[in-house]
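Data first, discussion second: the structure below is written as structure tokens.
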Amino acid sequence: MTAGSVAVPAVDPVRLAVITNRMESIVRAMSNTLFRTARSGVINTGRDFSACIVTREDELLAAAESLPIHVLSGPDLVARYMKRVHPDLRAGDAFLHNSPYEGNSHAADHCLVAPVVDAEGEHHFTVLVKAHLADAGNSRPTSMMMRARDVYQEGALIFPCVKVQEDYEHVEDVLRMCRARIRVPEMWWGDYLAMLGAVRVAERELLALGDELGWDALHRYTRDWFDYSERRMESAIRRLPSGTRTACTAHDPMPVAGAEHGVPIAATVTVDAEAARIEVDLRDNGDCVAAGINTTEATARTAAMIGVLNSLGSEVPVNGGSFRRLQVDLRVNCVAGIPLHPFSCSVATTGIPERIAGAVQLALSQLGPDIGMAEAGGMLPASTSVVSGGDPRRGGAPFIDFLCFGITGGPGHPRGDAWLNFAGGCLGMNARDSVEVAELLHPLRIECNRIVPDTEGAGRHRGAPSNQVEYTPVGATLEFIWSGEGTTNPAAGARGGGAGARGAQRKRGPDGAEVELDAFESTTLAPGETLVSFSAGGGGYGRSTERDPEAVRKDVREGYVSRARAAEVYGVVLDAAGAIDPAATASRRADLLQAAAAADGFAGSPVR
Amino acid sequence: MRFAVDTGGTFTDLVIEHADGAFELHKSPTTPDDPARGILDVLAVAAAARGVELDALLAEGEMFLHGTTRAVNAIITGNTARTAFLTTAGHPDVLVFREGGRTDPFDYTRPYPEPYVPRALTFEVPERIGAQGEVVRGLEEAPVLETIARLRELEVEAIGVCLLWATVNPAHELRVGELLAEHLPDVPVTLSHKLNPTLREYRRASSAVIDASLKPLMTDYLHGLEQRLRDAGFGGRMVMVTSNAGVLDAAHVADEPIHSINSGPAMAPVAGRHFARVDGASDTAIIADTGGTTYDVSLVRRGRIPTTRETWLGAPYFGHMTGFPSVDIKSVGAGGGSIAWVDDGNLLHVGPRSASAVPGPVAYGRGGTEPTVTDASLVLGFLDPQYFLGGKMKLDVEGARAAIERQVAQPLGLEVDDAAAAILTLATDQMVMAIKEITINQGVDPTGAVLIGGGGAAGLNSVAVAAQLGCPQLIIPQVGAVLSAAGALMSDLMADHAATFVASTASLDREQANVVLADLRARCERFAAAAGASAAETTIEFAFEARYPHQVWELEVPLRRERFEGAEDVARFREDFHALHQDIFAVHQPEAEVEILGARARVSCRLRDPDLMQVAVAAAEDLPADERRVYFPDHGWADAQVVHLDAMRSDASVAGPAVIESPFTTVVVDPGASARRAESGSLVLTIPAAAGDLPAATTAGAAS
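Quick note, the sequences are listed as chains A and B, same order.
Letter by letter, the first sequence follows residues 1 to 608 in our numbering.
Letter by letter, the second sequence follows residues 1 to 704 in our numbering.
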């Protein structure tokens, strides 16, 4: 089959590039099928899903276009677990998996997993899609139960790698259970079919590729590709300074034992440039708590990896090969580690994982200039509520969906200002709803969707500003449940950068009076009432006095920063016409630097 | 006589079509500072070739069809008008937030995109229409007048207006338009619901501001060009190629210049459809246009050219969405000028960086030092260094070899020939992947399609591309090198009209549907009566945009009838939707009802007899056949016969290994493949099954 013309070098670079393209295109086909055909807004608009190929050794091979928090670690653990509980894998099998104790993220992320098994019955790859469902059968109409005491109160149906297809036929017993327990079951069924279609597309394509190239050649490829990726990782790490740093941040307080004053999150990062290794130690964190905020093994590990990869640049391929240079130390029964049954991990992809990534970024930033980044603004403001109720335009038919609106929070970083629509561990890969589509799908009106000035984490490179969103029901009474974070503890800046604005949420009555609400809360809105949500801003990177005055002038012109804040925080003084006043600016900046130097004398630690 | 002129980045192409269907091709350099001069230049070249004066040539012209990259270039270079954006109060950041999304999550080198209109030029209009078209908050005119005063102060040159739900109730947008016309009569305005009445405010707003920003420039350009053509002796009709593979009168495009954004490449599939039918007897074709820096792939699917809503100016998520349907074209950075390089992990890449027109490939000897696909083709013997562009340019083989040796062969530990073959293999693979991605997305099976190779460099590896795809037939039209200009000659006057119409097959109000469709028909007929008055034939096609409940991405489902008389018409529409969903996504849900979001109508006025452009084979000359050494990646060096295209009469055949050359292109015929000259003048190549050792997978992306 091969040309066999010339002596092929040990690793054929052309073949490596070509097969890599093939693998990525298979993953893209999975994503496209899911995105275009799914029914939940959180999937078909919010892109809250991932698709990937895992090797038979259970290492991540390809995951194009996936949300990072879903996929860096997790699919590897799930694939391993599948082999453990189903040692006799057969073509035509497919498994539903969402157990937070066996490699998944939170229970609302349903995975469909299929082994790629050849005609001789040999298992070669595992393909996996994971999507955040609008509903997972929880005790309350939300897929994220921040206040859940344990997995029982959370209430999600847990599927520890349960067979849902055999010989390519549905296992109806299990699917009937889902229909009986998941809200708006026809919507769930549409999402399920979309996910199934995606894994079957990938399976078919990998089988075709194995037939054409030979399975040995494909396994040789994965070895070579991982070696190559590891080399790229080594050279990226070698560009960093060596050292060990610990940084600490904190999740907002929760009304449960051990979290009343917030949940401190510490990360100790060791860069060994010579050995080209990075280690992140998360073991020095508290035990699991009786709330839905505990991480899973997958999300704790992934969050640490995100924090590191955010500093390594895009030339490092993200897969099991590059991951060999990265070690994450986790502890069992740890709020930022491996959870014990029956602690709840209902919001295990946001909150604590965002704080883990933040702590890793802050620790790296202490190693030297132009490394690390600030902390991202906390995700899931009230604008990202799970909303439910009856739709009067459809005869009161029940609906439930996860609104994908109004998250910003991008951190300032060494290369520049924040990515606006960053959204924590999504790193901007998620999408936003359209106001008109949301109003068409749900009986509500979005009164306001705007950026709030002076909410950015100030810095040489600024964080993302806050996004204000207002909802009001139209002809219905609706329930909103959200699971936010960052209302008490803002996103920290790095290398002298300022913190982002705190998030906030309020309920406004028909008389205009506003009531403050918690970061994680639910509320029922009747027509005339309004839910007002402010996302948390991202932290800034570097001192605000180092920011290019031109950039500050532009921020003022564009309405991101007020004149007063430009002078007060950035030390840039503008004249009446909006031009920079160089003399006043120099003098103001000198004052600010002096004040900062004085503060540095006793600041010392970034503990907040 | 009709003239088609395509102003590209490097060359201005002219195709002249004679009344008997014969045509001639001319090329002349583009003059970016004054593109009209380049157009007059190429017309002068044609006049000289015929031995007549320019005015005599132009006097014979009935129609001048024009495609240009002027609009898109103005956007890329930031030379559009100073444009303001008027939006519903509370929603000033529509153009800032966009629809989210990003690629390469760990790449922090690319900043968040700037909005098309800065926030400083964005103004909120106190008003609100609800999703059912109800007035939630009436339009307050006093603050609008204050905004208008501010716009005057700011010396704004164009204004785009997009208010929420203007598609359902345009009263507020219309009133704002009236106030602007009254108080700022000289500033062009675009109202979103008039230009692009589609759901999703970002797309509609983006359409409106992009369109407005192009108005001053394109009005000047089109009026200026028309005047200069008239002064030079042209008395016919001037039409512009649009992004949806049709043409519109130049005056119409001056009013809605956004339609000229994809004006150039959109025509390639029109030409491809023609040659697939004439030479390949097929209504399904893949059209691959090889340029200097990009490889543009488009499709013809059962006689139709698929369009996409998601047209990006620039990279997806980083550029701006036009919000308009345009011909679905996928571009990858794998053209003749794409640079081959090796990264620090020893992986070979081709593109996306290009040597561009300046300095160009190393072989051009104009200062290029980085090896390109063209250089690899030269080293492998695909190109004749003495006969490039008909001998007008000599190529530097040794320079090309040295560059490949230095930058690819040595780092990878390969022989130079093998390194050059690897570059071609990888470029070929990227092209195959681009084709796979678009065909799978559109539900087309490449093994049942004809591949049409366009662009000057198409012949270098199109046989290899076809073989990997499993396409049994490859057609290289005689006008392949100027495929877009040729397509312009074949296109119809065309306009799309849209209306928001929200319904479900469970409870479709047939009367309401019929009113919406009748209104669309009336709009189409107005267009046909005005612009298409001289058309040979006018057709109007209707479609609904529809989806399953809870889905958000609509499919455009053609309607069999333009009236819903009874329940059976609704049932038939529902079945058509199921079938289309199955066709594209490989699943459907027969028990589900179907939701409708909008109605569209396309009016096409045919300007010419579709069967012309057949008579073409130039008088065959007896040019001697030659032979040279050519390296084929799967076979190594072989003796290939070299045949001049003009020496091939109709039905003449050449078996590979061979190279067929003309002044405009070089076609490499791999061993096992064969080429036949068709009556139309096209080369029709028969591709042996599975020549490559690597199979084609589903879809694709560029190597990274």
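We treat Cβ as the ideally placed atom computed from N, Cα and C, and that holds for glycine.
Starting from residue i, trace the beta strand (DSSP E) both ways and give me its first and last residue.
| i | result |
| --- | --- |
| R506(A) | 504-508 |
| E661(B) | 658-661 |
| F542(B) | 537-547 |
| I53(A) | 49-55 |
| T88(B) | 83-88 |
Please list, in chain order, all residues of the same chain as residue i whose beta carbon is under 6 Å from its beta carbon, the five residues on each side excluded.
| i | result |
| --- | --- |
| V347(A) | M144, M146, G292, I293, S483 |
| P126(B) | A89, E140, P143 |
| Y101(A) | H341 |
| G351(B) | G333, A334, S338 |
| A619(B) | Its pLDDT being 49, under 50, A619(B) is placed unreliably in this model, and the value from its coordinates should be taken loosely. Once the five neighbours on either side are set aside, A619(B) has no close Cβ partner at all. |
| M254(A) | A291 |
| V5(B) | L14, I39, H66 |
Per the DSSP calculation, residue i is bridged to which residue(s)?
| i | result |
| --- | --- |
| S354(B) | S338(B) |
| D396(B) | BP columns for D396(B) are empty, so no partner. |
| R563(B) | Paired residues: none, contrary to the question. |
| Y295(B) | T290(B), V332(B) |
| Y707(B) | With chain B covering 1 to 704 only, the question about residue 707(B) has no answer from this structure. |
Cutting at 8 Å between CB atoms, please list the residues of its own chain near residue i, excluding the five before and the five after it.
| i | result |
| --- | --- |
| Q614(B) | Low confidence applies here, because Q614(B) scores a pLDDT of 49, under 50, leaving its location unreliable; read the following figure in that light. For Q614(B), where only same-chain residues beyond five positions count, the Cβ hits under 8 Å are G21, V278, E679, S680. |
| E447(A) | E470, Y471, T472, T530 |
| L95(B) | F85, P115, Y116, V117, T122, Y202, A205, S206, V209 |
| M177(A) | L157 |
How far does the alpha helix (DSSP H) with residue i in it extend, from its first residue to its last?
| i | result |
| --- | --- |
| M1(B) | Element bounds for M1(B): n/a, residue is neither H nor E. |
| C178(A) | 172-181 |
| G540(A) | Per DSSP, G540(A) belongs to no alpha helix (DSSP H) and is neither H nor E. |
| V469(A) | First-last for V469(A): 466-473, but that is the beta strand (DSSP E), not the alpha helix (DSSP H). |
| H70(A) | 68-71 |
| W165(B) | Careful: W165(B) lies outside any alpha helix (DSSP H) and carries neither H nor E. |
| E146(B) | 141-153 |
| H110(A) | H110(A) -> not in any alpha helix (DSSP H); beta strand (DSSP E) instead, spanning 109-117. |
| Q512(B) | 510-530 |
Cβ closer than 8 Å: which chain C residues qualify as neighbours of residue i?
| i | result |
| --- | --- |
| K194(B) | Note that chain C does not occur in the displayed structure, where the protein chains are A and B. |
Could you name the residues of chain A that residue i contacts, counting a contact when the two beta carbons are closer than 8 Å?
| i | result |
| --- | --- |
| E436(B) | A small fix is needed here, since residue 436(B) is Lys in this sequence, not Glu. Neighbours of K436(B) on chain A, chain order: S25. |
Give the interface partners of residue i over in chain B, defined as CB-CB distance under 7 Å, in chain order.
| i | result |
| --- | --- |
| R231(A) | G345 |
| P68(A) | P105 |
| N44(A) | Q551, V552, W553 |
| L240(A) | Within chain B, no residue comes near L240(A); the closest Cβ sits about 15 Å away, beyond 7 Å. |
| M305(A) | Simply none; closest approach about 10 Å. |
For a contact meaning CB atoms closer than 9 Å, what does residue i contact in chain A?
| i | result |
| --- | --- |
| T439(B) | Those within 9 Å of T439(B) in chain A number zero; the least Cβ separation is about 11 Å. |
Give me the chain A residues within the contact set of residue i, using Cβ-Cβ distance strictly less than 7 Å, ordered along the chain.
| i | result |
| --- | --- |
| T109(B) | R415 |
| V557(B) | Those do not exist, as V557(B) stays about 15 Å from chain A at its closest Cβ, beyond 7 Å. |
| V253(B) | By Cβ distance, chain A contributes nothing, its closest Cβ being about 28 Å from V253(B), past 7 Å. |
| D429(B) | V18, N21 |
Just to confirm my understanding: we take residue i, look at its own chain, exclude 5 residues before and 5 after, and list those with CB closer than 7 Å. What are they?
| i | result |
| --- | --- |
| I19(A) | Y221 |
| F318(B) | R110, P113 |
| E705(B) | Here chain B covers residues 1 to 704 and nothing more, so residue 705(B) does not appear. |
| R353(B) | I339 |
* Residue ranges of each alpha helix (DSSP H) run of no fewer than 4 residues wholly in the stretch 364-451 of chain A, ordered along the chain? -> The qualifying runs are 435-441.
Completely contained alpha helix (DSSP H) runs for the stretch 253-324 of chain A, where each covers 4 or more residues: Runs of the alpha helix (DSSP H) inside the stretch 253-324 of chain A: 297-309, 320-323.
Every unbroken beta strand (DSSP E) within the stretch 34-78 of chain B, with a cutoff of 3 residues, ordered by chain | Counting whole runs of 3 or more residues, the stretch 34-78 of chain B contains the beta strand (DSSP E) stretches 63-68.
Which ranges would you report for the alpha helix (DSSP H) in the stretch 172-223 of chain B if only whole runs of at least 4 residues count?
List check, alpha helix (DSSP H) in window: 192-195.
query = Where in the stretch 122-172 of chain A do unbroken runs of the beta strand (DSSP E), each at least 3 residues long, occur, reported from the N-terminal end onward?
reply = 123-132, 162-166
- What are the start and end residues of each continuous beta strand (DSSP E) run of 3 or more residues lying completely inside the stretch 467-508 of chain B, in chain order? 473-476, 493-504
Task: Whole runs of the beta strand (DSSP E) within the stretch 224-257 of chain A, excluding any shorter than 3 residues - done: 243-251
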